[in-house]
Amino acid sequence: MAVPRNGALVDASSYQQTLLADQFYENVSGNQDAVGFDAHFREFANFLDGVGLPAEWSPYFHGPDRDNEVADSVIKESREGTATPGARNSRTRPGTPFSSWLPSAPTGNRITEALPDTNPRSVDTESQPYRVSDEQRFRLNASIETFRDVLDPDFKFPSRHALTRYMTSFFEGFHSHMPFIHTPTWRISEHSVELILGLAAVGAQYCFEHRMSERLFHAGKAILLERLVHESDKFGPRTGSSLNLHSLSPQHRGSRDARERDWGSWEPIETVRALIALMGYATWEPKMSLVQEAFALQALLAQVLRELGLHEEDGPGVAVEQTTPQAAWHVWIRQESVRRAKLIAFSFMHTHSIAYNVYPVLRSNEVGLRLPCSTGEWKSQTACQWQSARRESGKQQLFFQDALSLLLRNTDGTAPVDPIPTPLGNYILLHGLLQRIYIVRDLSLPVMDHSASLPSEEVDKLERGLRSWTAGWQQAPESSLDPNNENGPIPFTSSSLLGLAYVRIYLHLGPYRLLETRDPIRIAKAISRSPAVERSSGVITALLYTAHMLSIPVRLGVDRVARSQAFFWSVRHSLSGLECAVLLSKWLSSLTASTASTPLSDSEDRILHWVRCIVEEAYDVVDFEDDEPEVSADRDAASLSLAVLKIWAHFFKSNTQWPFINIIGKSLEKYRGLLMHSRLQQVS
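Our numbering runs 22 ahead of the 1-based position in the sequence shown.
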């Protein structure tokens, strides 16, 4: 059923658990004085509309029974409709950037079960786009054998069945989070051997075949480095110096003459793609040696990008429109593929900065590229479909730097970027905002104060930028979280990074994680030394997002999501979840020490109630490893601070995809143990 709201039609069934129904808004608007309704909650109400919590978990009310009636009526109404959003083509989407859907956890452990059938040919076994034939496997193996002198003597190229499995898992898992390869025109024979090995390494990881994934990684890296030496004239001298520093000292060079090698298909941008894939594997592996490899590849990738150029290529421009549609499409595919590879490389390298607290190796002011095109253009299967999608898109996307500047200069919280960025474009912009938080804090760091509070004027600018970003997301017709949405998990990933951005404004946790050590004890001790969270009106918004982040796995089922999350829950969600967990736990702990002298504000009281509801729900259903008694309705803030850590730790430890996430879970568990020990000592 479509209902009017904010001037647009919304399909009430587009999200099966719309949480803040019209009755709820009416109740709030009629009782603002009674509940102390303030700007933070008014803003967050938009975020929650159709996003993440049953009504009884809303921070507005202390009467869950009454709100159950609202939630039940909305759920009942939504189930009577269809699952397709009714206002998909509307230029404006009301509510929030995530107002249409909160994803259901895919059933089972197979990635493909959670994925849309975007290619109708895929039901035909003979035309599966990622199927590797015997002939293709034979040619790839023959090429690889010409590099045998730089490979591990025991390396064996996988069978065609394994390769098909790895390619499918890569594209339907990893690539859905970072779409930098044009899949409608993908042909395995048209790409370099090192790229194929990199993709296969990631795909094998998604298939839980860890030994094979590591072997493929090392083979791909070895051939990539040989390629860079062979094609050194395509790059600058700094790339050569990076090779000498990191991996290609004379004793590690191959013994075979370059003329004897089968170099196959290659262009410089293939090196960027291969480095993204190889980094994508090594960055999250538990072995310290692979983490070091990831950092070396990151430095190399940054240098390659600079020497290839981070600006728009001088393409045919209008001349493209004057050729045949097929020719124009293929010219455009290359331009957009190059652009996406560079932008996604920028965002993934910045993820390194987020995870490991390293200074961004590639800054926003170096990126002179336009934002990515619409999903309709990118996923078009034919030239005719592409032309139609191109006409529908209208204006060309802005340059990344221009769009980021508009977000930061905007003062009224509206969407200043025109045209509205696509979901991937918004994801890239969010990395730009996160990078600004890091750099401004680094420049503002007092010599002796490692809490590194941001200047108030910068906090105001960043929060305005985040509000403007959210406003733009609300208007993007592609920003649906439906798992059948052609954008896949990118909007959901951005939701976690949005929460992380708000958290990082108020908590400087970066130097206190030591995730690169892969040692849960060291990580826990480092977190325990991090700054306290001060109670203030400003931190309320960040707290709302941290509670929302916790609510998602609890409502969907903590173990269910943890064991089948490959499609929509990425490592980036876990990085965000870690910082959200620590901020919320620290704030709850601060209440115990300060409420005697400073009573809770209405906002703080509502958040406390909200967290208690979430924790109670988790303790009712989650099979924790210990026999801790169930949470009581009157549990105090100090106990809740430990409960929040316990839920997140259990969730991360249950992950089946990336061992790195298990390490985060064990670290939070150790951190919780340190807090409990400290409190026992204080009591005694």
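No residue lacks a Cβ here, since even glycine has one placed at the ideal position from N, Cα and C.
In three-state terms, what does DSSP make of F196?
helix
May I have the straight-line CA-CA distance separating W288 from H213, to the nearest angstrom?
6 Å
Let me confirm a value: F230 is counted as buried when at least 16 other C-beta atoms fall within 10 Å, else exposed. Which label applies?
exposed
Would you tell me roughly how many angstroms separate the C-alpha atoms of S612 and S550, rounded to the nearest one?
One Cα belongs to S612, the other to S550, and the distance between them is close to 14 Å.
Selected residue, minimal CA-CA separation from H183, among F196, F169, G225:
G225
Look at S596 and F674 and say whether their C-beta atoms are less than 8 Å apart.
yes
Got a sec, what are the start and stop residues for the alpha helix (DSSP H) N379 sits in?
Careful: N379 lies outside any alpha helix (DSSP H) and carries neither H nor E.
Run of the alpha helix (DSSP H) containing P513, from where it starts to where it stops
512-528
Taking all protein chains shown into account, decide if Q227 is buried (16 or more other Cβ within 10 angstroms of its Cβ) or exposed.
Residue environment: Q227 is assigned as buried (16 or more neighbouring CB atoms within 10 Å of its CB, all protein chains considered).
Less than 8 Å between the C-beta atoms of R540 and V353, yes or no?
Result no, Cβ atoms of R540 and V353 do not sit closer than 8 Å.
Using 8 Å as the Cβ pair cut-off and three pairs as the minimum, do the stretch 629-641 and the stretch 654-671 touch?
yes
On the DSSP bridge list, what partners appear for R392?
F421
With a threshold of 16 other CB atoms inside 10 Å of the CB of G687, please say whether the residue is buried or exposed.
buried
Those residues which DSSP pairs with H333 across a bridge:
G390
How many angstroms separate the CA atom of I376 from the CA atom of R159?
38 Å
Measure the C-alpha to C-alpha separation of R356 and K256 and round it to an integer number of angstroms.
18 Å
Leaving out five residues before and five after H372 in sequence, what residues of the same chain have Cβ atoms less than 8 Å from its Cβ?
Beyond the five residues adjoining it in sequence on each side, H372 comes within less than 8 Å, by CB distance, of P382, L384, H453, L456, Q457 in the same chain, given in chain order.
Just to confirm, are S689 and I461 a CB contact at a threshold of 8 Å?
no
Counting pairs of Cβ atoms below 8 Å between the stretch 169-177 and the stretch 194-208, do you hit three or more?
no
Anyone know if the C-beta pair for W670 and A615 falls short of 8 Å?
No, Cβ-Cβ distance for W670 and A615 is not below 8 Å.
How about N163: is its C-beta nearer than 8 Å to some C-beta of chain C?
Any reference to chain C falls outside this structure, which holds one protein chain only.
Check N677 in the structure and name its three-state DSSP category.
coil
Touching by the beta-carbon criterion (3+ pairs, under 8 Å), the stretch 574-588 and the stretch 521-532
no
Buried or exposed: where does E282 fall if 16 or more other Cβ atoms within 10 Å of its Cβ makes it buried?
Exposed, because fewer than 16 other Cβ atoms sit within 10 Å of the Cβ of E282.
Where does Q158 sit, in a helix, a strand or coil, going by DSSP?
helix
Euclidean distance between Cα positions of L622 and T563
16 Å
8 Å Cβ cutoff met for T186 and P151:
No, the pair does not count as a contact, with Cβ atoms beyond the cut-off.
Can you say whether Q418 is buried or exposed, counting buried as having 16 or more other CB atoms within 10 angstroms of its CB?
exposed
Check whether the Cβ atoms of P180 and A222 sit closer than 8 Å, and answer yes or no.
Yes. Within cutoff.
Nearest-angstrom Cα separation, counted from Y534 out to D464
14 Å
Between the Cα of R486 and those of K309, C395, Q348, Y524, spot the shortest distance and give me the residue it belongs to.
Among K309, C395, Q348, Y524, the Cα nearest to that of R486 is on Y524.
Report all residues from its chain with a CB closer than 6 Å to the CB of H333; omit the five preceding and five following residues, and keep chain order.
G390
Could you work out which residue in S235, T617, K668 is closest to E647 when comparing CA atoms only?
When each option's Cα is compared against that of E647, the closest is K668.
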